[in-house]
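I have placed the structure first, in the form of structure tokens, so that the comments after it can refer back to it.
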Amino acid sequence: MATELKDLTKRSENYSQWYNELVVKADLAEQADVRGCMVIKPYGYAIWEKIQHILDGKFKETGVQNVYFPMLIPKSFLSKEAEHVEGFAKECAVVTHYRLKASEEGGVVVDPAAKLEEELIIRPTSETTIWNTYRKWIHSWRDLPVLCNQWCNVMRWEMRTRLFLRTSEFLWQEGHTAHATREEAEERAKQMLKVYADFVEQYMAIPLIQGVKTATERFAGALDTYTIEAMMQDGKALQSGTSHFLGQNFGKAFNVQFVDKNNQLDYAWATSWGVSTRLMGALIMTHSDDNGLVLPPHLAPIQVVIVPIYKGSEGLAHLDSKLNALAARLRERGISVKYDNADNRRPGFKFADYELKGVPVRLVMGERDMAKGTIEVMRRDTLEKEVVPFEGIEDYVEKLLEEIQQHIFVKAKTFLDSHIYPCDNYAEFKERIKDGGFFLCPWDGTAETEAQIKADTQATIRCVPFGVDQSNPGTDMVSGKPAKFKVLVARSY
RNA sequence: CGGGGUGUAGCGCAGUCCGGUUAGCGCACCUGGUUUGGGACCAGGGGGUCGAAGGUUCGAAUCCUUUCACCCCGACCA
Numbered sequence: 058m059a060t061e062l063k064d065l066t067k068r069s070e071n072y073s074q075w076y077n078e079l080v081v082k083a084d085l086a087e088q089a090d091v092r093g094c095m096v097i098k099p100y101g102y103a104i105w106e107k108i109q110h111i112l113d114g115k116f117k118e119t120g121v122q123n124v125y126f127p128m129l130i131p132k133s134f135l136s137k138e139a140e141h142v143e144g145f146a147k148e149c150a151v152v153t154h155y156r157l158k159a160s161e162e163g164g165v166v167v168d169p170a171a172k173l174e175e176e177l178i179i180r181p182t183s184e185t186t187i188w189n190t191y192r193k194w195i196h197s198w199r200d201l202p203v204l205c206n207q208w209c210n211v212m213r214w215e216m217r218t219r220l221f222l223r224t225s226e227f228l229w230q231e232g233h234t235a236h237a238t239r240e241e242a243e244e245r246a247k248q249m250l251k252v253y254a255d256f257v258e259q260y261m262a263i264p265l266i267q268g269v270k271t272a273t274e275r276f277a278g279a280l281d282t283y284t285i286e287a288m289m290q291d292g293k294a295l296q297s298g299t300s301h302f303l304g305q306n307f308g309k310a311f312n313v314q315f316v317d318k319n320n321q322l323d324y325a326w327a328t329s330w331g332v333s334t335r336l337m338g339a340l341i342m343t344h345s346d347d348n349g350l351v352l353p354p355h356l357a358p359i360q361v362v363i364v365p366i367y368k369g370s371e372g373l374a375h376l377d378s379k380l381n382a383l384a385a386r387l388r389e390r391g392i393s394v395k396y397d398n399a400d401n402r403r404p405g406f407k408f409a410d411y412e413l414k415g416v417p418v419r420l421v422m423g424e425r426d427m428a429k430g431t432i433e434v435m436r437r438d439t440l441e442k443e444v445v446p447f448e449g450i451e452d453y454v455e456k457l458l459e460e461i462q463q464h465i466f467v468k469a470k471t472f473l474d475s476h477i478y479p480c481d482n483y484a485e486f487k488e489r490i491k492d493g494g495f496f497l498c499p500w501d502g503t504a505e506t507e508a509q510i511k512a513d514t515q516a517t518i519r520c521v522p523f524g525v526d527q528s529n530p531g532t533d534m535v536s537g538k539p540a541k542f543k544v545l546v547a548r549s550y
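Read in order, the letters of the first sequence are residues 58 to 550 in my numbering.
As structure tokens, then:
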């Protein structure tokens, strides 16, 4: 056996190890045999499916439709938008041949005769291929807006990878919209950020800071990049979703022109926005404890597990009839229930296992309860056990699930709020950033001071946060010049 | 690409310095039994080209040469 989660007591020092162990042991994912890729296991994928399903519904409420574009992109597409190519060129996997042949030494080799005229890249993101197609779809203001989204995989040949947080291949959704006016596109970019923020806070119970990225941290090819930043338990930031206002950059690069209401030719305005399996990483690192995963009820594939405790097969038969009926009644209320009466694992093992998997509520019933008409309820977030009357347990559980959802959000929110520090003294900043946390600092708006902070402390400006009074930002803590904004600075994943 | 490290059973490791029975241990796995209110116990069993290739030797996991792979720390990133 490798290290137990509980043994990794000094969370701040062993945070990476703790996270890795948790991902593997909770049966979510594992390292693939392909470099930097991951295998998402059934339980992990069930969580991703819930994220997908709920978010997809939210997109559709805003008029977005789903599409699918090819995984392979002609190399030349990438070079059409200058900043975009610079941002992604260094991490592209490239397809150069289309055939293998048997080798004389056995095995197979790439057939040199099957070299492609133009190499294809495996999409790192689909702006180029989608905007190449939008040229054919968009001719008049009447064709706009185009509001498309696709759920797919993308590949970025990252140098260092980490399960869920940064794998070579990852699953995501990418929305790509085209608009007739700048205002409409900007509005859409902000709207989608709000969709993300609401989802992440309400369903994933992860509190966020929303804001806009600085020029250096912007998406390659964007005019503005909006972001949601979450705080992990070690005080580091995790960018959990982004929405970009792309201006007319892609419209011009791919010559997507339309005739507006005044019969004038103009280029289409663009947005793109995405969240990925990284959200799973955020979920794990925000709520989990040393017993394993803690899942918010709104996202848990199993919301309630019922474990019978019995002696002999007639004892089990007795409990089976009672607890199967209970499971059915809970399911009628839309609660996802697992009744685990498997005989090949003992109760203690099941308890530990479902805690590791983050099941929000556990119900346990044995002979003692049968006699007394009670049932034991354990909530995963606090690990508190309570014996309650069996009668009316359905109402109790339904309320408890909501309470847990609220409680873990409030807990995370309290943590976030208590780790945001206003700071305008650079010496103090350099010292305190070592312990993590978000720092609200005055910034003169120059790339130089931004680079200085990064060089000195590895911390970056996460965003110019929304909802912060920017009327009197103060003095830049690095340069001593008048500040333009108060910005959020933190170390990040 | 720079710095460090590791390859021995499915997983985690000992053995390597100083060559010597049939290569070991924990977990997992299989069979049987007893158990079952917090990760069960007993008995038995299966599983290994010791990363690969070459060399030294009566004899190599261990020594020499070459090589491959992976991991960690930096630069990159959703």
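We treat Cβ as the ideally placed atom computed from N, Cα and C, and that holds for glycine.
- For ARG275, the number of other beta carbons within 10 angstroms of its own is at least 16, and it is reported as buried.
- About 6 Å separates the beta carbons of PHE256 and LYS115, which is inside the 8 Å limit, making them a contact pair.
- The Cβ atoms of ASN401 and LYS63 lie no closer than 9 Å to each other.
- Within the same chain, Cβ atoms closer than 8 Å to the Cβ of VAL165 are found at LEU157, LYS158, ALA159, the five residues on either side in sequence being excluded.
- By the Cβ test, the region 371-389 is not in contact with the region 320-327, since fewer than three Cβ pairs between them sit closer than 8 Å.
- In this structure LYS543 is buried. Its beta-carbon is surrounded by 16 or more other beta-carbon atoms within 10 angstroms.
- Just measuring C-alpha positions, the residue of VAL124, ILE104, LYS82, PRO522 sitting nearest ILE477 is PRO522.
- When only Cα atoms are considered, LEU387 and LYS395 end up about 10 Å apart.
- By the neighbour-count definition (other C-beta atoms within 10 Å, threshold 16), SER329 is a buried residue.
- With three or more CB-CB distances shorter than 8 Å, the region 276-290 counts as touching the region 517-531.
- Note: ARG335 is not bridge-paired with any residue in the DSSP secondary-structure output.
- For the pair GLU451 and LYS468, the Cα-to-Cα distance works out to about 26 Å.
- Between the region 194-209 and the region 110-127 there are three or more inter-stretch CB-CB distances shorter than 8 Å, so the stretches are counted as touching.
- Taking C-alpha positions only, ARG199 is separated from LEU222 by approximately 41 Å.
- Each residue's CA atom was taken as its position, placing GLY502 and THR532 some 11 Å apart.
- Residue burial annotation: PHE406 is exposed, with fewer than 16 other C-beta atoms found within 10 angstroms of its C-beta.
- Taking 4 residues as the minimum length, the alpha helix (DSSP H) runs contained wholly in the region 386-472 are 404-413, 424-429, in order along the chain.
- In the displayed model, ALA86 falls within a strand according to three-state DSSP.
- With contacts defined by Cβ atoms closer than 9 Å, HIS141 and ILE187 do not form a contacting pair.
- Burial state of GLY369 is exposed, judged by a 10 Å Cβ sphere holding fewer than 16 other Cβ atoms.
- Going by C-alpha positions, GLY430 is about 22 Å away from ARG390.
- No residue range can be given for GLY292, since it is assigned to no beta strand (DSSP E) and is classified by DSSP as neither H nor E.
- Around the beta carbon of THR185, 16 or more other beta carbons lie within 10 angstroms, which makes this residue buried.
- In the three-state reduction of the DSSP assignment, ASP346 falls in the strand class, which pools E and B.
- Under the 10 Å beta carbon count, SER475 is surrounded by fewer than 16 other beta carbons and is classified as exposed.
- For LYS172, the enclosing beta strand (DSSP E) begins and ends at 172-179.
- Between the beta-carbon of PHE486 and that of MET534 there is about 6 Å, and that keeps the pair under the 8 Å contact cut.
- Distance between LEU79 and GLN88, taken at the CA atoms: about 13 Å.
- For MET216, no alpha helix (DSSP H) segment is defined, and its DSSP state is neither H nor E.
- Under the DSSP definition of a beta bridge, GLN207 partners with GLU231.
- Distances from the alpha-carbon of GLU507 to those of ALA139, VAL418, THR182, LEU545 put LEU545 closest.
- Counting every other CB atom within 10 Å of its CB across the protein chains shown gives ARG217 a total below 16, marking it as exposed.
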